[in-house]
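Below: the structure, in structure tokens.
2 protein chains.
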Amino acid sequence: MKVSTRGEYGLRAMVSLARMYGRGPMPLSVIAQDSAVPVAYLEQLMLPLRRAGLVVSTRGAHGGYQLARPPEQVKVGEIYRVMEGPIAPMDCVREDADEDTCPMIDGCATRIVWLKLRDSIVEVLDSTTLADLIAQAPRARAEQPV
Amino acid sequence: MKVSTRGEYGLRAMVSLARMYGRGPMPLSVIAQDSAVPVAYLEQLMLPLRRAGLVVSTRGAHGGYQLARPPEQVKVGEIYRVMEGPIAPMDCVREDADEDTCPMIDGCATRIVWLKLRDSIVEVLDSTTLADLIAQAPRARAEQPV
DNA sequence: TCTTACCTTACCGCACAGGTCGGGATTCGT
DNA sequence: ACGAATCCCGACCTGTGCGGTAAGGTAAGA
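Protein chains in written order, with this note's numbering: chain A, 351 to 496; chain B, 351 to 496.
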């Protein structure tokens with residue numbers, strides 16, 4: 351039950367973009383440094399985010415990435431699903447799949463708790479936006495990270 | 351963010367034991383069949399459950415395993431922690447470790463949501479007991495599974 | 001037309017999940 | 001006393017997916 355680095359880095363990058371929102375496209379190298387993610391790996395992560403319509407890219411010199419919507423309108427849950435797939439602590443309670451498809455004969459007792467768990471996770475991730483995160487952060491970063 | 355089969359099988363086995371609670375020790379073969387877990391693998395999973403004091407074992411003929419406490423007093427969260435380790439969607443928000451130890455300079459904004467997520471998961475798992483699960487299960491199993 | 005930057009595909013090592021196997025130690029029934 | 005049932009324990013194995021790196025192609029501004 352760990353979030354992989356895809357989700358971790360993806361969210362960090364989106365938070366960086368949220369802080370820079372309104373300043374035009376930011377090149378990959380800047381985002382990578384600000385969010386402390388290897389640039390070559392981050393490049394790979396931006397692809398699904400772009401395809402999902404969460405960021406827009408500008409090619410060529412002075413190009414880069416920027417949020418497709420203001421930070422208040424981007425839910426953490428959206429980012430999470432793009433990076434990690436459907437929210438589900440267990441395959442039998444996937445969000446997308448047909449509900450109530452339990453392979454066990456007449457369902458198993460454990461499914462109850464996995465369902466509750468999934469709903470709880472969805473609630474947290476979908477009720478938080480990028481704007482919430484940058485607003486609640488301890489303080490804005492004053493200096494470049496090492 | 352998937353629960354591994356250790357957690358899944360471990361909980362299923364504990365639910366089986368909860369249904370059989372009060373009938374004395376149940377051999378591995380019976381638990382394995384009832385919970386649909388490979389017996390050789392289940393054996394491996396019972397070891398940490400025993401060491402954690404959640405089940406007690408009886409050796410020799412007519413031996414087996416049984417719950418150490420009645421199902422009402424066994425929280426799903428306890429089983430989960432034994433099988434999967436400390437509850438934490440991300441290492442920086444582990445239950446055990448020193449709180450507020452974020453490797454990033456002055457903390458990062460994303461940590462907020464991971465903390466909320468962890469607390470939410472803990473709440474669900476620790477507020478559910480084995481007794482809750484067998485009480486809410488659709489119906490008791492009438493016949494042996496295939 | 002050169003440089004900047006995004007876009008895409010291919011590759012790759014290794015840790016870990018998810019088991020299996022074999023043998024030893026205990027206890028019960030007879 | 002002895003054998004069957006059963007737990008106990010460590011060694012081993014195998015595929016998958018995470019967490020990247022590398023190398024080139026394409027678009028757009030200066």
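Cβ coordinates follow ideal geometry from the N, Cα and C atoms, glycine included.
Assignment of Tyr371 (chain B) by DSSP, reduced to helix, strand and coil, places it in the coil class. In the three-state DSSP reduction, Val426 (chain B) falls in the helix class (H, G or I). In this structure, Pro421 (chain A) keeps its C-beta atom at 7 Å or more from the C-beta atom of Leu467 (chain A). In the DSSP annotation of this structure, the continuous segment of the beta strand (DSSP E) that includes Leu417 (chain A) starts and ends at Gly414 to Leu417. Trp464 (chain B) and Leu392 (chain A) have their alpha carbons spaced roughly 20 Å apart. A direct Cα-to-Cα measurement between Met433 (chain B) and Val432 (chain A) gives close to 28 Å.
Interface criterion not met: the Cβ of Thr355 (chain A) is under 7 Å from no Cβ in chain B. Taking the C-beta atoms as reference points, Pro439 (chain B) is found no nearer than 7 Å to Asp446 (chain B). Ser470 (chain B) carries a helical assignment under DSSP once its states are collapsed to helix, strand and coil. From the listed residues B:Ala411, B:Gln416 and B:Gly410, the smallest Cα separation to Gly372 (chain B) is found for B:Gln416. Along the length of the stretch 351-403 of chain B, whole alpha helix (DSSP H) runs at least 4 residues long occupy 355-369, 378-385 and 389-401, reported in chain order.
For Asp446 (chain A), there is no enclosing alpha helix (DSSP H), as DSSP marks it with neither H nor E.
Our two residues, Leu399 (chain A) and Gly374 (chain A), have alpha carbons roughly 17 Å apart in a direct line. Of all residues in the stretch 430-446 of chain B, only Glu434, Ile437, Ala438, Pro439, Met440 and Asp441 come within less than 8 Å of chain A when Cβ atoms are compared, listed by chain position. Secondary structure note for Ala485 (chain A): its alpha helix (DSSP H) is the uninterrupted segment Leu480 to Gln486. One Cα belongs to Gly427 (chain B), the other to Leu378 (chain B), and the distance between them is close to 23 Å. In this structure, the CA atom of Asp384 (chain A) is about 25 Å from the CA atom of Val474 (chain A). Of all residues in the stretch 384-414 of chain B, the ones placed with a Cβ closer than 9 Å to any Cβ belonging to chain A are Ser385 and Ala386, in chain order. The beta carbon of Ser366 (chain A) does not come within 7 Å of any beta carbon belonging to chain B, so the residue lies off that interface. With contacts defined as CB atoms closer than 7 Å, Arg362 (chain A) and Thr460 (chain B) qualify as a contacting pair.
For Ser477 (chain B), there is no enclosing beta strand (DSSP E), since its DSSP letter is neither H nor E.
Counting only residues of its own chain and dropping the five nearest sequence neighbours on each side, Leu483 (chain A) has a CB closer than 6 Å to the CB of Val365.
Annotation: Ser407 (chain B) to Gly360 (chain A) spans about 46 Å, alpha carbon to alpha carbon. One thing to note: Val353 (chain A) has its Cβ within 7 Å of the Cβ of Met351 (chain B). Scanning chain B for C-beta atoms nearer than 8 Å to the C-beta of Lys352 (chain A) yields Met351, Ala438, Pro439, Met440 and Asp441, reported in chain order.
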